[in-house]
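These notes concern the structure reproduced below.
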Amino acid sequence: MTPEKVALGRQLFFDERLSVDGTKSCYSCHVCEHGLTDGLPKAIGAGNKTLTRSSPTLWNIGYHKEFYWDGRSASLEKQALAAWTGANMGAKAEEIVVKLNALQGYKAQFQKVFQSDATPDNVVKAIAAYERTIISGDTAWDRYKAGDQSAISQSAFRGSNIFIAIKCNNCHDGVLFTDQQYHNIGIGMDAKELDPGRFTLRILEPVEQSFSVSGVPSSRTFCLTTRIAMRRRSARLDMSIMHDSRSTSAANAVTQSQLQIVLRQTPIASATACWL
Numbered sequence: 027m028t029p030e031k032v033a034l035g036r037q038l039f040f041d042e043r044l045s046v047d048g049t050k051s052c053y054s055c056h057v058c059e060h061g062l063t064d065g066l067p068k069a070i071g072a073g074n075k076t077l078t079r080s081s082p083t084l085w086n087i088g089y090h091k092e093f094y095w096d097g098r099s100a101s102l103e104k105q106a107l108a109a110w111t112g113a114n115m116g117a118k119a120e121e122i123v124v125k126l127n128a129l130q131g132y133k134a135q136f137q138k139v140f141q142s143d144a145t146p147d148n149v150v151k152a153i154a155a156y157e158r159t160i161i162s163g164d165t166a167w168d169r170y171k172a173g174d175q176s177a178i179s180q181s182a183f184r185g186s187n188i189f190i191a192i193k194c195n196n197c198h199d200g201v202l203f204t205d206q207q208y209h210n211i212g213i214g215m216d217a218k219e220l221d222p223g224r225f226t227l228r229i230l231e232p233v234e235q236s237f238s239v240s241g242v243p244s245s246r247t248f249c250l251t252t253r254i255a256m257r258r259r260s261a262r263l264d265m266s267i268m269h270d271s272r273s274t275s276a277a278n279a280v281t282q283s284q285l286q287i288v289l290r291q292t293p294i295a296s297a298t299a300c301w302l
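Okay, so the sequence shown: first residue is 27 according to the working numbering, each after it adds one.
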């Protein structure tokens with residue numbers, strides 16, 4: 027991964043000419059102002075079509091091992107190609123690269139980086155290289171864990187204790203605050219048409235063959251991300267915390283009555299993980 031490859035990928039990431047009708051780019055679904063999501067309950071794809079799930083954030087995405095909410099893509103390159111040629115952008119890759127190669131600037135960049143003209147393969151390689159540079163590595167919590175006791179507020183400190191006490195870290199654990207696994211926590215179970223989630227891949231053990239099984243999102247930078255789960259209807263982080271604490275067995279160590287007492291005594295903002 028070279029600076030030139032990353033720069034080319036960044037240019038492609040923001041270029042709407044990659045889509046079928048010239049109206050969508052990768053950035054359309056991963057907007058800075060919405061924590062690298064689009065801020066919508068469900069993403070909008072090519073032709074202004076509403077898609078089935080929300081756009082996940084791209085923060086620290088290069089450290090993940092599987093992609094999409096159901097983990098159906100095994101690499102960033104495969105995910106980029108699927109989004110580019112699927113419902114998100116609706117492009118015919120072979121036609122798009124012909125157009126890219128007709129642009130002298132792009133042609134020269136691809137020759138410099140890949141020693142060849144643009145191809146569908148090296149387009150997604152460049153985009154994936156750029157995405158791997160999207161890192162949130164200097165948060166207040168990182169500074170606190172490195173020894174700076176003044177990096178977070180007392181409210182955030184209390185929130186971190188609640189986070190652990192109610193077992194949020196059963197799933198949101200490690201440096202990325204995700205176990206990179208798949209769980210059913212009941213989101214979308216009251217929808218008219220249930221989303222099978224990971225079950226559509228037919229790779230689950232019988233005990234896990236249930237609807238709405240989806241990947242655990244990283245809780246790093248959650249306070250910057252307006253949509254938090256595969257089909258999250260509320261953009262409020264405090265409501266998401268309350269849902270998850272009620273609907274998962276992870277909260278068994280703290281009863282619901284105990285949780286309510288804790289949250290009444292401590293402002294809900296303390297438990298919303300904006301210490302990350």
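In this text, a Cβ means the ideal position worked out from N, Cα and C, and glycines have one as well. Quick caveat: nothing in here was measured; it's all calculated off a predicted structure.
Considering only residues of the same chain and omitting the five flanking positions on each side of L34, which have a CB-CB separation below 6 Å?
Q135, V139 and A152
Report yes if the CB atom of Y156 is closer than 9 Å to the CB atom of R79, and no otherwise.
no
According to DSSP, which residues form a beta bridge with T63?
V57
Just verifying my parser: in three-state terms, what is the DSSP assignment at T111?
helix
Can you find the residues in the same chain that come closer than 8 Å, C-beta to C-beta, to E120, ignoring five residues on each side of it along the sequence?
P146
In this structure, how does DSSP classify I178 when only helix, strand and coil are distinguished?
coil
Can you tell me the Cα-Cα spacing of S186 and V46, whole angstroms?
45 Å
Among the candidates S162, Y89 and A113, whose CA atom is the shortest distance from the CA of Q206?
Y89
My understanding is that D41 touches S54, with C-beta atoms under 8 Å, so please give their C-beta distance in whole angstroms.
With 8 Å as the limit, D41 and S54 do not qualify as a contact, their Cβ atoms being about 11 Å apart.
Environment of F93 [buried if 16+ CB atoms lie within 10 Å]
buried
Please report the straight-line C-alpha distance between I294 and R158, rounded to a whole angstrom.
Unreliable positioning characterises I294 in this predicted model, as indicated by a pLDDT of 46, which lies under 50. The coordinate reading is nonetheless provided below. Distance between the alpha carbons of I294 and R158: 33 Å.
Where does I70 sit, in a helix, a strand or coil, going by DSSP?
strand
Just to confirm the assignment, what range does the alpha helix (DSSP H) spanning N86 have?
No alpha helix (DSSP H) holds N86; DSSP gives it neither H nor E.
Sort out for me which residues DSSP pairs F93 with in a bridge.
S99
When you compare each of N74, A191 and S81 to I49 by their alpha carbons, which one comes out closest?
One point to set straight first is that residue 49 is Thr, not Ile, in the sequence displayed. Measuring from the Cα of T49, the nearest candidate turns out to be N74.
Do you know how far the Cα of D143 is from the Cα of K193?
51 Å
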